[in-house]
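Sequential numbering from 1 applies to the sequence shown in the working numbering.
Working notes, structure below.
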Amino acid sequence: SLKLVIIDAIAALLRILLRLRYRTEVRGLKTLPATKGLLILPNHPAEMDPIIVATQLWKRFRVRPVVLEKYYYLPVAHFLLKSIRAIPMPDMDFASGPYKRRRVEVAMQSSMQALNAGDNVLLYPSGRLMTGPLENVGGNSGVHTLLQAAPNAQVVLVRTRGLYGSIFSRACSGPK
């Protein structure tokens, strides 16, 4: 459809623009299965890596990223994220309560349905930026919940390197 062509063009343009700033190298992409229903779990060293990872994976996997609501509802981003069927997730770092927990459940249900329908879901398991050189998933149980509800999903782990210590990370300096 025309919408998909436009999204493909935007993803290609973003990939080109990001390559002007970041030197990206993707390894192992060709070894990933061509099946559907992938649960893609990257680490999260900086604010930029979701855009970099999503644009690198888009052409082959048409990922449905789980995106924090504060980014999902940004005016220009909302149109693009809605077009690629991103799944909005509330940010639990600042406040929680029954209403937010209910929205988390809705996001998890949407992710489960997507995986069971054969969509590829991009989810950051820690749900937050790395605060040190190692990822801390803490008590987040989203991946466990998704895998119980979508047992046929194949898990793909993604490691992003080189962004921790950048201006878009929470590090004061590079990894130790």
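All C-beta atoms in this analysis are idealised placements derived from N, C-alpha and C, irrespective of residue type, glycine included.
At which residues does the beta strand (DSSP E) containing residue i begin and terminate?
{"i": "P133", "result": "From DSSP, P133 is part of no beta strand (DSSP E); its letter is neither H nor E."}
{"i": "L29", "result": "Taken as a continuous stretch (DSSP letters only), L29 belongs to no beta strand (DSSP E), as it is neither H nor E."}
{"i": "L157", "result": "154–158"}
Excluding sequence positions up to five away, which residues of its chain have a Cβ less than 7 angstroms from the Cβ of residue i?
{"i": "K176", "result": "The pLDDT assigned to K176 is 40, lower than 50, so where the model puts this residue is not dependable; a value taken from the coordinates is nonetheless given after this. Excluding residues within five positions, the ones whose Cβ falls inside 7 angstroms are P133."}
{"i": "I7", "result": "S83, I84"}
{"i": "A149", "result": "M112"}
{"i": "L4", "result": "none"}
{"i": "K100", "result": "P90, M92"}
{"i": "G118", "result": "K36, G37"}
{"i": "L32", "result": "V156"}
Which two residues bound the contiguous alpha helix (DSSP H) that contains residue i?
{"i": "R64", "result": "Note, R64: premise wrong, no alpha helix (DSSP H); beta strand (DSSP E) at 64–68."}
{"i": "P75", "result": "75–83"}
Taking residue i as the reference, which of the options has the closest Cα?
{"i": "R161", "options": "H144, A149, M130", "result": "M130"}
{"i": "P151", "options": "K30, P75, K36", "result": "K36"}
{"i": "Q154", "options": "I51, L41, A54", "result": "L41"}
{"i": "L123", "options": "V156, R19, V26, G97", "result": "V156"}
{"i": "R159", "options": "G28, S110, N116", "result": "G28"}
Can you look up residue i in the DSSP assignment and give me helix, strand or coil?
{"i": "M108", "result": "helix"}
{"i": "A117", "result": "coil"}
{"i": "L147", "result": "helix"}
{"i": "P88", "result": "strand"}
{"i": "P98", "result": "helix"}
{"i": "L17", "result": "helix"}
{"i": "P45", "result": "coil"}
{"i": "L4", "result": "helix"}
{"i": "L57", "result": "helix"}
Assuming residue i and residue j make a contact with CB atoms under 8 angstroms, what is their CB distance in whole Å?
{"i": "V66", "j": "M89", "result": "5 angstroms"}
{"i": "V106", "j": "A114", "result": "The Cβ separation is near 13 angstroms, so there is no contact."}
{"i": "M69", "j": "D91", "result": "According to the sequence shown, residue 69 is Glu rather than Met. With 8 angstroms as the limit, E69 and D91 qualify as a contact, their Cβ atoms being about 7 angstroms apart."}
{"i": "T55", "j": "L14", "result": "5 angstroms"}
{"i": "K59", "j": "A9", "result": "So it is not a contact: roughly 11 angstroms between Cβ atoms."}
{"i": "T24", "j": "L18", "result": "7 angstroms"}
{"i": "Y22", "j": "I52", "result": "6 angstroms"}
I'd like the list of long-range same chain contacts for residue i, defined as Cβ closer than 6 angstroms, with 5 residues on each side in sequence excluded.
{"i": "F61", "result": "N120"}
{"i": "L57", "result": "V63"}
{"i": "L80", "result": "none"}
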